[in-house]
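Structure record follows, encoded as structure tokens.
Number of protein chains: 2
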Amino acid sequence: MYSFEELKSIFLDYVQKQKLTDEPLNLYTPVNYLMEMKGKRIRPVACLIVANIFTDDIQKALPVVYSIEMFHNFTLMHDDIMDNADIRRAQPTVHIKYNINRAILSGDLMMIMSYKHILNCCDDLILKNKLLKLFTDTAIEVCEGQQYDMDFEDKEEIALSDYLLMIKLKTAVLLASTFKTGAMIGGASDDDADHFYKLGLNLGIAFQIQDDLLDTYGNSEVFGKKIGGDIIQNKKTFLYLKALELVGEDKKTQLISLYNDNSLTEKDKIEKVKILFNSLDVKKHAEALIEELMENAFDHFHALSIPEEKLKEVKSLMNYLLKRKI
Amino acid sequence: MYSFEELKSIFLDYVQKQKLTDEPLNLYTPVNYLMEMKGKRIRPVACLIVANIFTDDIQKALPVVYSIEMFHNFTLMHDDIMDNADIRRAQPTVHIKYNINRAILSGDLMMIMSYKHILNCCDDLILKNKLLKLFTDTAIEVCEGQQYDMDFEDKEEIALSDYLLMIKLKTAVLLASTFKTGAMIGGASDDDADHFYKLGLNLGIAFQIQDDLLDTYGNSEVFGKKIGGDIIQNKKTFLYLKALELVGEDKKTQLISLYNDNSLTEKDKIEKVKILFNSLDVKKHAEALIEELMENAFDHFHALSIPEEKLKEVKSLMNYLLKRKI
Numbered sequence: 005m006y007s008f009e010e011l012k013s014i015f016l017d018y019v020q021k022q023k024l025t026d027e028p029l030n031l032y033t034p035v036n037y038l039m040e041m042k043g044k045r046i047r048p049v050a051c052l053i054v055a056n057i058f059t060d061d062i063q064k065a066l067p068v069v070y071s072i073e074m075f076h077n078f079t080l081m082h083d084d085i086m087d088n089a090d091i092r093r094a095q096p097t098v099h100i101k102y103n104i105n106r107a108i109l110s111g112d113l114m115m116i117m118s119y120k121h122i123l124n125c126c127d128d129l130i131l132k133n134k135l136l137k138l139f140t141d142t143a144i145e146v147c148e149g150q151q152y153d154m155d156f157e158d159k160e161e162i163a164l165s166d167y168l169l170m171i172k173l174k175t176a177v178l179l180a181s182t183f184k185t186g187a188m189i190g191g192a193s194d195d196d197a198d199h200f201y202k203l204g205l206n207l208g209i210a211f212q213i214q215d216d217l218l219d220t221y222g223n224s225e226v227f228g229k230k231i232g233g234d235i236i237q238n239k240k241t242f243l244y245l246k247a248l249e250l251v252g253e254d255k256k257t258q259l260i261s262l263y264n265d266n267s268l269t270e271k272d273k274i275e276k277v278k279i280l281f282n283s284l285d286v287k288k289h290a291e292a293l294i295e296e297l298m299e300n301a302f303d304h305f306h307a308l309s310i311p312e313e314k315l316k317e318v319k320s321l322m323n324y325l326l327k328r329k330i
Numbered sequence: 005m006y007s008f009e010e011l012k013s014i015f016l017d018y019v020q021k022q023k024l025t026d027e028p029l030n031l032y033t034p035v036n037y038l039m040e041m042k043g044k045r046i047r048p049v050a051c052l053i054v055a056n057i058f059t060d061d062i063q064k065a066l067p068v069v070y071s072i073e074m075f076h077n078f079t080l081m082h083d084d085i086m087d088n089a090d091i092r093r094a095q096p097t098v099h100i101k102y103n104i105n106r107a108i109l110s111g112d113l114m115m116i117m118s119y120k121h122i123l124n125c126c127d128d129l130i131l132k133n134k135l136l137k138l139f140t141d142t143a144i145e146v147c148e149g150q151q152y153d154m155d156f157e158d159k160e161e162i163a164l165s166d167y168l169l170m171i172k173l174k175t176a177v178l179l180a181s182t183f184k185t186g187a188m189i190g191g192a193s194d195d196d197a198d199h200f201y202k203l204g205l206n207l208g209i210a211f212q213i214q215d216d217l218l219d220t221y222g223n224s225e226v227f228g229k230k231i232g233g234d235i236i237q238n239k240k241t242f243l244y245l246k247a248l249e250l251v252g253e254d255k256k257t258q259l260i261s262l263y264n265d266n267s268l269t270e271k272d273k274i275e276k277v278k279i280l281f282n283s284l285d286v287k288k289h290a291e292a293l294i295e296e297l298m299e300n301a302f303d304h305f306h307a308l309s310i311p312e313e314k315l316k317e318v319k320s321l322m323n324y325l326l327k328r329k330i
């Protein structure tokens, strides 16, 4: 069985081989630019790890794995336009480096090419049909998640359940689908494939809440981003929405106006918000929910009809994503 | 066999049944808005006409036909953003009525839903695989065509062969693919399906050149648009590019500066450009090319292994599209 790093390296070689040189260059260049950007490559490696449980011949999984990564990058290309984001992975985003029109059109192309890679993956029409249906349902959910995310920007208050639905759709279903796809390519039973889906779903939601948590309470060196960014940008995170839920009606207005106060210095705003968050114990609430989601994920992990020694890399990946040492 | 109008009405009923009411509404509303706009519905009816040659049960063709129309509308939604177009079919375009972000995201969704409709079309996995591959190859070509179109805006001069490649990719391949899809759903032989493809391809290119021709030389009541719009907007049409090809080197600068001169009144500019066009006989060149393309289209029509009485509606459609009376 291959390690995370070995699989990442196999995938990166494959990415290089897929480099597009077709005309018109203005259409294909942005695709190469984004696909070759350095990244953790969590999704492709996760898919390969799961496929590798069932088969040593992981070459056959590569077209579908590549398709998932291309779909993910298509969403980044379009989301960056919608979110007006200038920088991704320390480099200019596509619409900044090229222009908005090219980012729209090259994104469209990537979406279509994701399908092309699945269509060319194999001769097993039954498997391919299942993969395409899962991929399509997932892609629709991801669009729904992005729309909810945009809708939430214009709302003062969002129920936590709606926030959890949004992160489930926007990010977790793709991780879930990635795990399940690896299982399907490997030839897992339907039950095992479903357990992999639910494992990925819980892991994905937990990962996103942890991201919110680390943005405020993390160590900037480990987290890789400046701490407090969400607070500075008045982002409606799990911590903020939980605080809104917990704070008494009398103090709610105070919290809302503090969180939206951009006249304070960054340091002051972060400090004041954190004092309020701490008084409401929102950190503990976030940790408890992450714990619960990870327990769910491990329930599905343990329900797999696969000998545990074959699941070593899956377990490492789960712990790596949640940066827990156990 | 059904008539054009009967098939259009069957299709419009189907569109109504597909109306989306899912959440989030902000994502799904623009899809309904564009899909329900009044239009000629050339593509869906063309596909149904061809399928109807082989089978009376055209209900089974509807999901795929709907997918083609949805794909076409997705390209309109995104092209209108890229082209900065405010009006489509006498109504505000999606990014004007809603906003750019919603037009990007709802367009993405439509692209994905086009696949969903094909995936749900039938249980015949071999047919479905073929339909999906044709659809995907076509969609990639349409993106290439749109990129060439945008590239050409920044160029002073474009070879006519490049212009023809652009209109082939941007519009004709979808019509070709539509005809072929109808044939494939109907169960045509591979040879017949290929003839339908090439028939549609030639027809599509001819249609586009005729569109250029009518914009300058048409009757505004029949054409449905103001005559001379392309000249006013300095559009690089077949007529202009042919004129550039034919005009002597000495007069080329004069033509280029006249065509790009926006200080003239609209009436003056149209008149002066037409005098130049007339002196070079570009109208006749356009008519000759349309004639040649239509002959090619009819060669493929006559090569079909289908009794001619079954092809009546196809022939009417071909003549209707080129508005010729024969």
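Here the protein sequences line up with chains A and B, keeping their order. At position 5 of the first sequence the residue is numbered 9 (the working numbering), and the sequence of numbers has no breaks. At position 134 of the second sequence the residue is numbered 138 (the working numbering), and the sequence of numbers has no breaks. Every residue, glycine too, gets a C-beta built ideally from N, C-alpha and C.
I want to see whether chain B comes within less than 8 angstroms of residue 160 of chain A, judged by CB atoms only; does it?
no
Name the residues in the segment 25-45 of chain A whose C-beta lies less than 7 angstroms from a C-beta of chain B; which are they?
28, 30, 31
Of all the options A:262, A:42, A:176, A:164, which has the alpha carbon lying nearest to the alpha carbon of residue 13 of chain A?
A:42
What does the alpha-carbon distance come out to for the pair residue 99 of chain A and residue 80 of chain B?
20 angstroms
Coarse secondary structure for residue 28 of chain B, derived from DSSP in three states
coil
Check: residue 239 of chain A C-beta below 7 angstroms from any heavy atom of the ligand ZN
Of the ligands one can find in the structure shown there are none, so the ligand ZN has no counterpart to examine.
Near-chain B residues of the segment 159-181 of chain A - C-beta to any C-beta below 9 angstroms
none
Given this structure, state the Cα-to-Cα distance separating residue 97 of chain B from residue 283 of chain A, to the nearest angstrom.
49 angstroms
Since residue 157 of chain A is in the alpha helix (DSSP H), which residue starts that stretch and which ends it?
129-157
Would you say residue 201 of chain B lies against chain A (beta-carbon separation less than 8 angstroms)?
no
Closer than 6 angstroms by C-beta to residue 176 of chain B: which residues in its own chain qualify, once you throw out the five before and the five after it? Chain order, please.
205, 208, 209
Limits of the unbroken alpha helix (DSSP H) element including residue 67 of chain B:
66-86
Roughly how many whole angstroms lie between the Cα atoms of residue 126 of chain B and residue 301 of chain B?
30 angstroms
Using a beta-carbon distance cut-off of less than 7 angstroms, what residues from the segment 72-84 of chain B approach chain A?
82
Output yes or no for whether 8 angstroms exceeds the beta carbon distance between residue 171 of chain A and residue 237 of chain A.
no
Kindly give me the distance between the Cβ atoms of residue 152 of chain A and residue 28 of chain B, rounded to whole angstroms, as I take these residues to be in contact under 8 angstroms.
5 angstroms
Can you give me the C-alpha to C-alpha distance between residue 190 of chain B and residue 181 of chain B, rounded to a whole angstrom?
14 angstroms
Enclosing alpha helix (DSSP H) for residue 233 of chain A [first to last residue]:
233-236
With distances taken between CB atoms, is the gap from residue 135 of chain B to residue 122 of chain B smaller than 8 angstroms?
yes
Which stretch, first to last residue, makes up the alpha helix (DSSP H) that contains residue 258 of chain A?
253-263
Would you say residue 150 of chain A faces chain E, with C-beta separation under 8 angstroms as the test?
Given the protein chain composition of this structure (A and B), no chain E is represented.
In its own chain, which residues sit with a C-beta less than 6 angstroms from the C-beta of residue 149 of chain A, not counting the 5 before and 5 after it?
170, 173, 174
Residues of the segment 112-139 of chain B in Cβ contact with chain A at a cutoff of 8 angstroms, in chain order, please.
112, 113, 115, 116, 117, 119, 120, 123, 129, 130, 132, 133, 136, 137
Neighbourhood of residue 24 of chain B by C-beta, 7 angstroms cutoff - its chain only, sequence neighbours within 5 removed:
32, 35, 36
Cβ closer than 7 angstroms: which chain A residues qualify as neighbours of residue 195 of chain B?
Those within 7 angstroms of residue 195 of chain B in chain A number zero; the least Cβ separation is about 23 angstroms.
Kindly indicate if chain B contains any beta-carbon less than 8 angstroms away from that of residue 109 of chain A.
yes
Three Cβ pairs or more, each shorter than 8 angstroms: is that satisfied between the segment 65-72 of chain B and the segment 194-202 of chain B?
no
Would you identify the three-state DSSP class for residue 162 of chain A, choosing helix, strand or coil?
coil
Under 8 angstroms between C-beta atoms, does residue 223 of chain A make it to chain B?
no
Less than 8 angstroms between the C-beta atoms of residue 216 of chain B and residue 179 of chain B, yes or no?
no
Indicate whether the contact test is met: 3 or more Cβ pairs, each with one atom in the segment 296-310 of chain B and one in the segment 248-258 of chain B, closer than 8 angstroms.
no
DSSP state of residue 209 of chain B, grouped into three classes?
helix
Cα-Cα, which of B:90, B:249, B:220, B:219 is closest to residue 162 of chain B?
B:249
Ends of the alpha helix (DSSP H) at residue 101 of chain A?
98-101
Measure how close the beta-carbons of residue 273 of chain A and residue 265 of chain A come, nearest whole angstrom, since I'm counting them as under 8 angstroms.
7 angstroms
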